[in-house]
Amino acid sequence: MTDKFDVLVIGAGAAGLYTALCLPEHLQVGLINKNTLPVSASDWAQGGIAAAIAPEDSAALHVQDTLAAGAGLCDLEAVKFLVGQAGACIDSLVKMGVAFDRTGPDLALTLEAAHSRRRVLHAADTTGKAVIATLTAKVLSRKNIELVSPAFALSLWLDETGRCHGISSICGSQVKWLRASAVVLATGGGGQVFAHTTNPSVSTGDGVAIAWRAGALLRDLEFVQFHPTALSKVGAPRFLISEAVRGEGAHLVDSKGYRFAFDSHPSGELAPRDVVSRAIFRHLQKTGEPHVWLDLRPIAVDRLRYRFPNIIQVCADWGIDIFSEPVPVTPAAHYWMGGIVADKFNQTSIPGLYAVGETASTGVHGANRLASNSLLECLVFGAQMGLLQVEAGKPEALADPLDAGEILEKSICRKDIEAIEHLRVELPNLVWQSAGICRGQRDLESAIVQVEIWRQEFASLPLSQALDDLLPGQIIDFSPADAENSSILRNWGELANLLDIGYLILKSAAFRTESRGGHYRVDYPLTDPDWCTHTLISHCNWYKSAAVSGRIED
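279 is the number that this note's numbering gives to position 297 of the sequence shown; each next residue is one higher, with no gaps.
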């Protein structure tokens, strides 16, 4: 396998795939993916892609809706750029062959919460899958893109000047270093740090964690969007019931059929996601019931079959006939607004390191993402990587392979494996209970203490110490027959990242003493004008930075 690329793209969701395709074709690109293609949150996306392309819509209205959802923390120029590039990105996908739904010759548009117009393009209720399938086929046909899979990025490789020159990674039967003149982090979110999430198992916050450990500047990690309607069925995963269902007319009701969401907001089920999630959370606390219900029967049967075949099938697989009964739902962690600070060209605070998609904080989402702006962000900012000009890195000598047998024999024992498995269960439960939909200082501080203890225990594991001592260029080479060791190493790496992002979310949530967007404090329930600022994290320091939101210009 090649160990030197012009550009390494870490992650193979919409952001990573589109970035790889948009990079100049004369560059050799390595695309790192933890699993076989495709497994990503983008692949699971149901709703669609927002774009103001209808005659009755406008970019100004899309900007206005995005700013309103972002609760004062959007970057106006970034939002204008996002919205302004939407049409071109949709044209690009159509030319690639993405089969969006149509009404006659025109692209079909639907309404989602907090949008003032119907502007969400879709491919039934599997839009993400349609986009990912098309992008994957294009990537696999490109000669300048090498898929490195399965592979897991462990850390960034910085030279003495602080410039990024590659990564250390688990690749097949090796822990090795991959060199590159530029590294793009497109690893998605970190939903797996919460016990209840709509995210796939690969969403372990890898990009944010490894960037933070390398010293990159992070922003607004307390802002997590909880999707109001995830399937709540014993034994079933938290399958997302798309917001588009409510846009098409589904009702959110309690066990008595009462549409309680209107008690919290005049838009009821179509209020912003954080409002609807809190409405459900409070109603469940009040009633003591395990879930509420999403009733799809107000939608015409033909329309329901046409728009939501996947939701119909998944619900049927779990014994729910949506044509005759409502679907039990509860909120679940869905999208992380914060991330690695990145500019319009995706450059982070570390030279040679870029971030695209949910991993990045570009300013387009603020404190609460507008529905269906996430896939759009992946495309718009992924396209920016077509402007990348890489600097030739100096040659680095690779050290001799280490004795993997000796390292693994000393580093991996049953007790440590059990400790890793135990923390992987306990951490998400703790973060969900303390930094979930509603948060309070006492719970946050208690959770921070516990996570700090767990991080110290994790750092003392022999395996942690062995991999921390790995020098740039050194390789651990073990037999391909030792697949179990490869799995253990990946579990270790994911837990390292989850512990770090759990700590970062908790600390950020405790730092912001107000409620705004996706961050709600029961002890500070009001939005405070003095907190219309960003939370910046520079390694272990938290501080405020002036928000850069603004008014729409006439």
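Note that CB positions come from ideal geometry on N, CA and C, so glycine has one too.
Go through its chain and collect everything with a Cβ distance to residue i's Cβ below 8 Å, but skip five positions before and after it.
i      : result
Gly231 : Pro280, Ile281
Ala196 : Ser137, Leu138, Leu140, Cys146, Ile332, Leu335
Ala36  : Leu91, Arg99, Arg100, Arg101
Pro377 : Below a pLDDT of 50, predicted positions are generally treated as unreliable, and Pro377, at 49, falls in that range; the measurement from the model is reported next regardless. Once the five neighbours on either side are set aside, Pro377 has no close Cβ partner at all.
Tyr502 : Asp256, Arg260, Ile419, Cys420, Arg421
Asp536 : The predicted position of Asp536 is uncertain, since its pLDDT is 29 and thus under 50; a value taken from the coordinates is nonetheless stated next. Once the five neighbours on either side are set aside, Asp536 has no close Cβ partner at all.
Leu412 : Ala429, Gln432, Val433, Gly484
Going by CA-CA distance only, name the one from the options that's closest to residue i.
i      : options                        : result
Pro6   : Leu89, Val(-11), Trp524        : Val(-11)
Met547 : Ile31, Asn467, Asp256, Ser331  : Nothing in the structure corresponds to residue 547, since the chain is present only between -17 and 536.
Asp39  : Ile332, Asp73, Leu91           : Leu91
Phe176 : Leu3, Pro511, Arg351, Leu480   : Leu480
Ala33  : Leu64, Glu225, Asn17           : Leu64
Val504 : Trp159, Gln423, Leu445         : Gln423
Thr85  : Glu94, His104, Ser74           : His104
Glu466 : Thr312, Tyr485, Ile399         : Ile399
Ile435 : Val283, Pro182, Leu405         : Leu405
Asp47  : Ser98, Ile72, Asp88, Gly54     : Ser98
Ala212 : Thr169, Asn126, Gly239, Val274 : Val274
Cys71  : Pro511, Ala365, Thr517, Pro272 : Ala365
Ile394 : Ala353, Ser468, Leu352, Asn350 : Ser468
Ala314 : Ser446, Asn181, Asn292, Asp325 : Asn181
Would you say residue i and residue j are within 9 Å of each other, going by their C-beta atoms?
i       : j       : result
Val(-9) : Val166  : yes
Asp277  : Val323  : no
Asp14   : Ala(-6) : First, the residue type needs correcting, since residue 14 is Ile and not Asp in the sequence shown. It is a contact, given that the beta carbons lie within the stated cut-off.
Ala429  : Leu488  : yes
Ile302  : Lys215  : yes
Ser249  : Arg264  : no
Ser155  : Ala133  : no
Thr179  : Gly187  : no
Val45   : Glu128  : no
Gly189  : Thr341  : yes
Leu234  : Val338  : no
Ala112  : Ala135  : no
Glu271  : Ser237  : yes
Gly54   : Ala491  : no
DSSP beta-bridge partners for residue i?
i      : result
Trp159 : Ser150
Glu128 : Gly12
Gly172 : For Gly172, which the question treats as bridged, DSSP gives no partner whatsoever.
Phe244 : For Phe244, which the question treats as bridged, DSSP gives no partner whatsoever.
His233 : Asp277
Ile31  : Leu103
Taking 6 Å as the limit between beta carbons, can you name the residues of its chain near residue i, skipping five residues before and five after?
i        : result
Lys(-14) : Arg161
Gln67    : Val362
Val530   : The predicted position of Val530 is uncertain, since its pLDDT is 48 and thus under 50; a value taken from the coordinates is nonetheless stated next. Counting only Cβ-Cβ distances below 6 Å, and skipping sequence neighbours, we find Asp57.
Ala191   : Asn479, Asp482, Ile483
Ser24    : Residue placement at Ser24 is flagged as unreliable, the pLDDT there being 45, under the threshold of 50; the coordinate-derived value follows with that caveat. So the list reads Gly(-5), Ala(-4), Gly110, Ile114, once near-sequence residues are dropped.
Lys158   : Ile457
Val346   : Ala60, Val61, Leu64, Glu359
Leu(-1)  : Leu117, Val121
Tyr525   : Leu518
Who are the near neighbours of residue i in its chain, counting only those whose CB is closer than 7 Å to its CB and skipping five residues on each side?
i      : result
Arg285 : Glu230
Ile402 : Asn473, Trp474, Leu477
Ser520 : Leu199
Val372 : Asp(-12), Val(-11), Leu9, Ser163, Ala164
Ser527 : Thr515, His516, Leu518
Ends of the beta strand (DSSP E) at residue i?
i        : result
Trp300   : Note, Trp300: premise wrong, no beta strand (DSSP E); not H, not E.
Ile519   : 515 to 520
Thr211   : 206 to 213
Asp(-12) : -14 to -8
Ala365   : No beta strand (DSSP E) contains Ala365, which is instead part of the alpha helix (DSSP H) from 356 to 365.
Asp459   : 457 to 459
Phe440   : Where Phe440 is concerned, there is no enclosing beta strand (DSSP E), although the alpha helix (DSSP H) it sits in stretches over 423 to 441.
Which two residues bound the contiguous alpha helix (DSSP H) that contains residue i?
i      : result
Arg289 : 283 to 289
Asp256 : 255 to 269
Pro310 : First-last for Pro310: 309 to 318, but that is the beta strand (DSSP E), not the alpha helix (DSSP H).
Gly189 : 188 to 195
Phe63  : 58 to 66
Taking only beta-carbon positions, decide if residue i is within less than 9 Å of chain D.
i      : result
Gly154 : Here chain D cannot be found, since the structure has a single protein chain.
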